[in-house]
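Here is the structure we will look at.
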Amino acid sequence: MTFDIITIFPNIFRSYFNESIIKRAQEKKLVKINIHNLRDYTIDKHKKVDDRPYGGGPGMILMVEPIFKAVTALKKRTAKSEQRTVNKRQKVILFSPKGKKFNQQMAQKFSKLDQLIIICGRYEGVDERVAKHIADEEISIGDYVLTGGELPAMVVVDAVARLIPEVIKKDSLKEESFGLIADSRKQKAAIAEYPQYTRPENFRGWRVPKTLLSGHHRKIKEWRESKRS
Numbered sequence: 001m002t003f004d005i006i007t008i009f010p011n012i013f014r015s016y017f018n019e020s021i022i023k024r025a026q027e028k029k030l031v032k033i034n035i036h037n038l039r040d041y042t043i044d045k046h047k048k049v050d051d052r053p054y055g056g057g058p059g060m061i062l063m064v065e066p067i068f069k070a071v072t073a074l075k076k077r078t079a080k081s082e083q084r085t086v087n088k089r090q091k092v093i094l095f096s097p098k099g100k101k102f103n104q105q106m107a108q109k110f111s112k113l114d115q116l117i118i119i120c121g122r123y124e125g126v127d128e129r130v131a132k133h134i135a136d137e138e139i140s141i142g143d144y145v146l147t148g149g150e151l152p153a154m155v156v157v158d159a160v161a162r163l164i165p166e167v168i169k170k171d172s173l174k175e176e177s178f179g180l181i182a183d184s185r186k187q188k189a190a191i192a193e194y195p196q197y198t199r200p201e202n203f204r205g206w207r208v209p210k211t212l213l214s215g216h217h218r219k220i221k222e223w224r225e226s227k228r229s
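With the UniProt record's numbering applied, the sequence shown corresponds to residues 1 to 229, in that order.
Here it is as C-alpha cells:
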C-alpha cells in the first residue's frame, strides 16, 4: 500500500516514519510512504501556497490550485505505474473539524486500499473547493484544534499501516482493543484492552494478580475477559 502525504512541512514526518514498526514495514516493502511538498506544485517563483480569504477574516487559506495539481499528479503517477487509467482502490482524504470521526473501522477500510492520498491543511484552513471537488472524504481525529494536518496524518498512517498483512503479528492484532470488531453495528460496543503486567512480580507492594502467575490458560483468559473495561 502507498501513502502519499501532501504538506508544506515535509520534515515533520521523517523522524516518526523512520522508527520502529513503520520503518520495518517500509524496509520490507509492505508499505510505501511518500512525502510531497505542496510548494513543488505551485506556478509562481515565490512558491506561494496560501492567500487571504475572500470576504475578509484572520489568517491565510491554502489555495486550491496547488493542491489540485498535486493530487492530479499523484493519481496519474499511480495509474501509470500500474498500467491503468483509474485506480479503483484509491482515496483522497482531507483533515477537517467537520469531517467523519476517524476510528478503527475506518482504519480497516483504508487498509484495503492501494493508495491513500492525504492532504494536510495549515493556517486558517483550506479552500472549500478542495473538500467539495478534490477530496473523497473529510476526516477528523477528535474534537480539538491542531495547528495543521501533519499530526492527524501520522495517526492515520500508523493506524492503517499496522492492519496491513505482515506489518505486525496476527496474534497482536487479535488481542488488542477493537481488533476483533469488524461489524459497524458493533463498533460502539467495542471493549478496551485488558490490564497487562510484566516483571517484577512485586514492586513497592504493588503485586501482579495471582491468576496471571498461575500458568492456567483458561483461568487467565477468563480473568482477562472479566477485566476489559
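Built from N, CA and C at the ideal position, the CB exists for glycine as well.
These numbers come from a predicted model, not from an experiment.
Rounded separation between residue i and residue j - CA only
{"i": "Leu-213", "j": "Tyr-41", "result": "59 Å"}
{"i": "Ile-117", "j": "Arg-77", "result": "12 Å"}
{"i": "Pro-97", "j": "Leu-146", "result": "10 Å"}
{"i": "Ser-184", "j": "Phe-3", "result": "Confidence is the limiting factor: at Ser-184 the pLDDT is only 48, short of 50, which leaves the residue's position unreliable, though a coordinate-based value still follows. Going from the Cα of Ser-184 to the Cα of Phe-3 covers about 25 Å."}
{"i": "Leu-180", "j": "Gln-105", "result": "Its pLDDT being 48, under 50, Leu-180 is placed unreliably in this model, and the coordinates cannot settle the point."}
{"i": "Ala-131", "j": "Val-92", "result": "10 Å"}
{"i": "Ile-12", "j": "Gln-26", "result": "18 Å"}
{"i": "Val-160", "j": "Ile-141", "result": "13 Å"}
{"i": "Ser-226", "j": "Ile-220", "result": "10 Å"}
{"i": "Glu-137", "j": "Arg-24", "result": "29 Å"}
N- and C-terminal bounds of the beta strand (DSSP E) containing residue i
{"i": "Thr-7", "result": "2-7"}
{"i": "Ile-93", "result": "90-101"}
{"i": "Lys-28", "result": "Lys-28 -> no beta strand (DSSP E), and no H or E assigned at all."}
{"i": "Lys-32", "result": "32-37"}
Assumed close pair residue i, residue j - CB separation to whole angstroms, cut-off 8 Å
{"i": "residue 277", "j": "Phe-9", "result": "Limits of the chain in this structure are 1 at one end and 229 at the other, which puts residue 277 out of reach."}
{"i": "Met-63", "j": "Asp-44", "result": "Wrong, their Cβ atoms sit about 11 Å apart, outside the cutoff."}
{"i": "Arg-162", "j": "Ile-21", "result": "6 Å"}
{"i": "Ala-153", "j": "Ile-61", "result": "About 19 Å; that fails the 8 Å criterion."}
{"i": "Phe-95", "j": "Cys-120", "result": "7 Å"}
{"i": "Lys-100", "j": "Ile-139", "result": "6 Å"}
{"i": "Arg-122", "j": "Gly-148", "result": "4 Å"}
Where the alpha helix (DSSP H) containing residue i begins and where it ends
{"i": "residue 230", "result": "Since the displayed the chain opens at 1 and closes at 229, residue 230 lies outside it and no answer follows."}
{"i": "Leu-213", "result": "210-213"}
{"i": "Tyr-16", "result": "14-17"}
{"i": "Gln-105", "result": "104-110"}
Residue i at chain D interface by Cβ criterion, 7 Å
{"i": "Ala-131", "result": "In the structure shown, chain D does not exist; there is a single protein chain."}
Residue i: CB within 6 Å of a non-hydrogen atom of the ligand COA
{"i": "Lys-28", "result": "Only the bare structure without any ligand can be found here, which leaves the ligand COA out of the picture."}
Check whether the region 54-72 touches the region 106-114, taking contact to mean three or more Cβ pairs, one atom from each stretch, closer than 8 Å. no
May I have a chain-ordered list of the beta strand (DSSP E) segments no shorter than 3 residues that lie completely inside the region 120-175? 137-140
Stretch-stretch touch, CB-based, cutoff 8 Å, three pairs: the region 32-39 with the region 190-204: no
Touch test, the region 194-203 against the region 156-170, Cβ-Cβ under 8 Å, three pairs minimum: no
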